[in-house]
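Residue numbers (my numbering): 2 to 230.
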């Protein structure tokens, strides 16, 4: 079995699905966390100057959340067997990631983490958006984009889950796959912040409960670092 090191900030964010998959598979890894003010020390060594990054034996470093997640899913049995079912699992996971992506950009923007000072100016992180100065209305746009994605994607996912046994099991049937874990991880902060919106999607909320009840996932959730995002 390879030796793994996962690099990410000290938060759940885009890396939490990877940590949960490692836990569900019972695979040990080094969880290398750092704070935002330490990022410059790591950034230049990351393949695409972003995280999460998974380092494997031989020093190979693999970026991008979804690429890493698909690798782990294939490696540790969180993918269905047929090509058609794999595609279905993929589009479900990608839909959840759309919500995660827009939420994370909105969350970090409103908390001032996209910007830093260059020559006294308040600028966007060049690694995020090319160094352009942002409009004061940008926060409204980011909120609108996130909410629009939720209103577009969540009803579709609720219907998709309902297609298998009335939504009483997992997306692909009776066995938990990585798209089910995406449901838990990607909706964690959004649900905490806006429970009224998610009350319209009871099957997705019940699925999150089933994922959390998985013995290895449950143990992980009880022992993981307590962070705000």
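From the three backbone atoms N, C-alpha and C, an ideal C-beta is built for every residue, glycine too.
Work out the CA separation of residue j and residue i for me, nearest whole Å.
i: residue 4; j: residue 30; result: 7 Å
i: residue 70; j: residue 141; result: 31 Å
i: residue 45; j: residue 13; result: 22 Å
i: residue 80; j: residue 174; result: 12 Å
i: residue 2; j: residue 57; result: 10 Å
i: residue 156; j: residue 104; result: 17 Å
i: residue 35; j: residue 166; result: 42 Å
i: residue 8; j: residue 55; result: 6 Å
i: residue 73; j: residue 22; result: 7 Å
i: residue 49; j: residue 43; result: 11 Å
i: residue 125; j: residue 83; result: Confidence in residue 125 is poor, its pLDDT being 38 and thus under 50, which makes the residue's placement unreliable; the coordinate value appears in the next sentence. About 43 Å.
i: residue 224; j: residue 217; result: 11 Å
i: residue 203; j: residue 210; result: 11 Å
Quick one: does the C-beta of residue i sit closer than 6 Å to a heavy atom of the ligand NAP?
i: residue 92; result: Of ligands this structure carries none, so the ligand NAP is not represented either.
Since residue i and residue j are thought to touch, with beta carbons under 8 Å apart, how far apart are those beta carbons, to the nearest angstrom?
i: residue 1; j: residue 178; result: Shown here, the chain extends from 2 to 230; a query on residue 1 therefore has no answer.
i: residue 186; j: residue 18; result: 4 Å
i: residue 183; j: residue 68; result: With a Cβ gap of about 14 Å, residue 183 and residue 68 do not count as contacting.
i: residue 6; j: residue 33; result: 5 Å
CB residue i to CB residue j, shorter than 7 Å?
i: residue 171; j: residue 163; result: no
i: residue 1; j: residue 143; result: The question about residue 1 has no answer, for the chain in this structure spans 2 to 230.
i: residue 53; j: residue 24; result: no
### Query
What are the complete alpha helix (DSSP H) segments, minimum 4 residues, inside the stretch 188-212?
Listed in chain order, they are 189-194, 196-199.
#### Entry: Length-filtered (4 minimum) alpha helix (DSSP H) runs lying within the stretch 60-112
The stretch 60-112 contains these whole alpha helix (DSSP H) runs: 66-77, 84-111.
### Ranges of the beta strand (DSSP E) found wholly within the stretch 6-71, counting only runs of at least 3
Fully enclosed beta strand (DSSP E) runs of 3 or longer: 6-10, 31-35, 54-56, 62-64.
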